[in-house]
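Inspection log for the structure reproduced underneath, given as structure tokens.
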Amino acid sequence: MTTHETTQGQDVVDILTAGHQDMLDLVAQIQQATTAEQRRDTADTVIAEIMRHSVAEEMYVYPVMEKHLPNGSEEVQHDKKEHDELVDLMKQLEDVDADTEQFMNLISDLESHLRHHANDEEQGQFPDLRKHIPADQLRELGEQVEKAKAMAPTRPHPNAPHSELFHKTVGAGVGMVDRLRDKLTRTKHRKGLRGFEPLTLSTPSRTYHG
Ligand SMILES: [Fe+2]
Ligand SMILES: [Fe+2]
0 MTTHETTQGQ
10 DVVDILTAGH
20 QDMLDLVAQI
30 QQATTAEQRR
40 DTADTVIAEI
50 MRHSVAEEMY
60 VYPVMEKHLP
70 NGSEEVQHDK
80 KEHDELVDLM
90 KQLEDVDADT
100 EQFMNLISDL
110 ESHLRHHAND
120 EEQGQFPDLR
130 KHIPADQLRE
140 LGEQVEKAKA
150 MAPTRPHPNA
160 PHSELFHKTV
170 GAGVGMVDRL
180 RDKLTRTKHR
190 KGLRGFEPLT
200 LSTPSRTYHG
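Okay, here's the thing in structure tokens:
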């Protein structure tokens, strides 16, 4: 189903760039969906994908950018601000009925924010990463990102990522996390998005509010 299932040999830029495309493809699916249920279901999936991608970036990739890229601190500050804007839109989506115009307007906003942010990274920071970081380190970074995505952020665990974004997004998406867990249980053996299979959702997500 996806062309990105094999990540061996890919570096962090390949992986994150493929992730951007996956998110945009999911947004297009929402826009083409014919029922509110399909829209909500796919919105949950794209929200989870954005959360995992962004948390992985903030945990592993942005610190490297901060350290090694010219103007790295400013770039990271800018990128984190855009992640926050995405989180804000995802929070709003959580509270809006998928059968309304408001929902579709929010999806439209999400799409433009995603395109803008992906473009910033793909045109600016990713080429800089390749310029300033050796290829083998970029592949290692890719592996770290894949691991972080597999545990964040729908897996409540004491050793889960401690990034500020992780807590913000989990706090925002508990209803979504519950629905996702149901969905993942239902579609356990179905081929889906790259990286969904390793998710472990055995601990109730409510733990986060304890
Ligand atoms: Fe990002
Ligand atoms: Fe990204």
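Numbering (numbering that gives the first Met the number 0), first residue to last: 0 to 209.
Don't be surprised by glycine CBs; every beta carbon is placed ideally from N, CA and C.
None of the values given here were measured: they were computed from a predicted structure.
Query                                                                                                : Result
Helix, strand or coil at residue 26 [DSSP, three-state]                                              : helix
Host alpha helix (DSSP H) of residue 70 (start-end)                                                  : No alpha helix (DSSP H) contains residue 70, which DSSP labels as neither H nor E.
Near ligand 1: residue 87 beta-carbon under 6 Å from a heavy atom                                    : no
Integer-rounded CB distance, given that residue 79 should sit under 8 Å from residue 57              : 7 Å
Per-residue burial, residue 10 [other beta carbons within 10 Å of its own, 16 or more giving buried] : buried
First through last residue of the alpha helix (DSSP H) which encompasses residue 60                  : That residue, residue 60, is in no alpha helix (DSSP H); it is neither H nor E in DSSP.
Inter-residue Cα distance where the pair is residue 132 and residue 73                               : 18 Å
is_contact[residue 10, chain C] using C-beta, thresh 7 Å                                             : The question asks about chain C, but that chain is absent: this structure has only one protein chain.
Check your reading: residues with Cβ closer than 6 Å to ligand 1 heavy atoms                         : 53, 56, 78, 82, 116 and 120
Cβ-Cβ distance between residue 88 and residue 108 below 7 Å                                          : yes
Through-space distance from residue 98 to residue 37, alpha-carbon basis                             : 10 Å
Cβ-heavy atom distance, residue 68 to ligand 2, below 6 Å                                            : no
Rounded straight-line distance, which links the Cα of residue 48 to that of residue 16               : 13 Å
Within 7 Å, strictly: CB atoms of residue 113 and residue 22                                         : yes
Neighbour-count burial assignment, residue 130, 16 or more Cβ in a 10 Å radius                       : exposed
Reduced DSSP secondary structure (H/G/I, E/B, other) of residue 8                                    : coil
Simplified DSSP state of residue 45, which is helix, strand or coil                                  : helix
Inter-residue CB distance, residue 124 and residue 68 (contact presumed, cutoff 8 Å)                 : 7 Å
6 Å CB neighbourhood of residue 116 in its chain, flanking five on each side removed                 : 81
Residue 15 CB to nearest heavy atom of ligand 2 below 6 Å                                            : yes
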